[in-house]
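Whatever position you read off the sequence shown (first residue = 1), add 19 for this note's numbering. Note that CB positions come from ideal geometry on N, CA and C, so glycine has one too. Please read these numbers as outputs of a predicted model, since none were measured by experiment.
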Amino acid sequence: MTDTRTFATSMSSKRRGAGASRPRKHLTKTMLLPMDEACAREQSLSFHLALVACRNGHGNTHLFNELIRTAYVAWFLQQDGYGSEPAVTFKTAEHAVEAALELAHHSGEWVLAEDTICVFERLLALHDRQLATAPMHKVIDAQRRLRQFLAGTANSPVPDTDRADVS
20 MTDTRTFATS MSSKRRGAGA SRPRKHLTKT MLLPMDEACA REQSLSFHLA LVACRNGHGN
80 THLFNELIRT AYVAWFLQQD GYGSEPAVTF KTAEHAVEAA LELAHHSGEW VLAEDTICVF
140 ERLLALHDRQ LATAPMHKVI DAQRRLRQFL AGTANSPVPD TDRADVS
């Protein structure tokens with residue numbers, strides 16, 4: 020015999036629809052448009068300079084964090100439809116940062132492996148395109164998702180991939 024309270028509760032929640040208890044937040048014109056060009060350029064320059072420093076052995080904790088945070092924001096924006104890089108590209112970036120941090124811990128040398136530079140160049144180019152095209156509210160949401168991930172216990176927001184499947 021079915022408990023009618025459970026049935027009634029599930030039926031009434033279906034009628035309301037998901038999120039019906041909260042009104043939708045009104046988005047301003049600024050939030051519906053991409054980031055203004057000057058801000059996008061400034062952010063892009065910061066990320067590209069971090070890559071140059073890490074590539075040339077002048078990295079540090081902050082710069083490596085900038086690179087991986089940028090990769091994660093790019094991942095979240097891609098999940099919203101702004102990009103089509105394979106997940107393995109993001110995983111390669113993660114592994115490269117982990118390896119660089121391990122190297123820095125043991126040797127004091129803060130440098131990205133040369134064979135991973137092109138991965139970061141691809142991800143930074145993707146993120147540049149995302150900043151130029153994604154509405155500001157999507158960028159803010161991706162940054163919120165990054166903060167949520169960092170506050171949690173997951174190892175990565177990017178699902179594991181089988182490297183053999185990607186050329």
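How about residue i and residue j: do their beta carbons lie closer than 8 angstroms?
{"i": "G102", "j": "Q62", "result": "no"}
{"i": "T180", "j": "V116", "result": "no"}
{"i": "A239", "j": "E85", "result": "For residue 239 there is no data in the structure shown, the boundaries of the chain being 20 and 186."}
{"i": "V92", "j": "L46", "result": "no"}
{"i": "A123", "j": "F109", "result": "no"}
{"i": "L131", "j": "A119", "result": "yes"}
{"i": "M155", "j": "T49", "result": "yes"}
{"i": "I136", "j": "E113", "result": "no"}
Tell me the rounded alpha-carbon separation between residue i and residue j.
{"i": "T111", "j": "P176", "result": "13 angstroms"}
{"i": "R163", "j": "D134", "result": "31 angstroms"}
{"i": "V158", "j": "L142", "result": "15 angstroms"}
{"i": "A161", "j": "G78", "result": "25 angstroms"}
{"i": "A153", "j": "A173", "result": "26 angstroms"}
{"i": "S65", "j": "M54", "result": "15 angstroms"}
{"i": "P178", "j": "C58", "result": "30 angstroms"}
{"i": "A151", "j": "E140", "result": "17 angstroms"}
{"i": "F83", "j": "P42", "result": "39 angstroms"}
{"i": "W129", "j": "E121", "result": "9 angstroms"}
{"i": "G127", "j": "V138", "result": "23 angstroms"}
{"i": "R60", "j": "H67", "result": "10 angstroms"}
{"i": "G100", "j": "W94", "result": "10 angstroms"}
Using the Cβ count rule (16 or more neighbours within 10 Å means buried), how would you classify residue i?
{"i": "H146", "result": "buried"}
{"i": "L52", "result": "exposed"}
Residue i and residue j look like a contact to me (Cβ under 8 angstroms); what is the Cβ gap, rounded to whole Å?
{"i": "E104", "j": "Q97", "result": "6 angstroms"}
Review point. Quick one: any contact between the segment 74-85 and the segment 162-173, if contact means 3 or more CB pairs under 8 angstroms?
Key: Too few Cβ pairs lie closer than 8 angstroms, so no.
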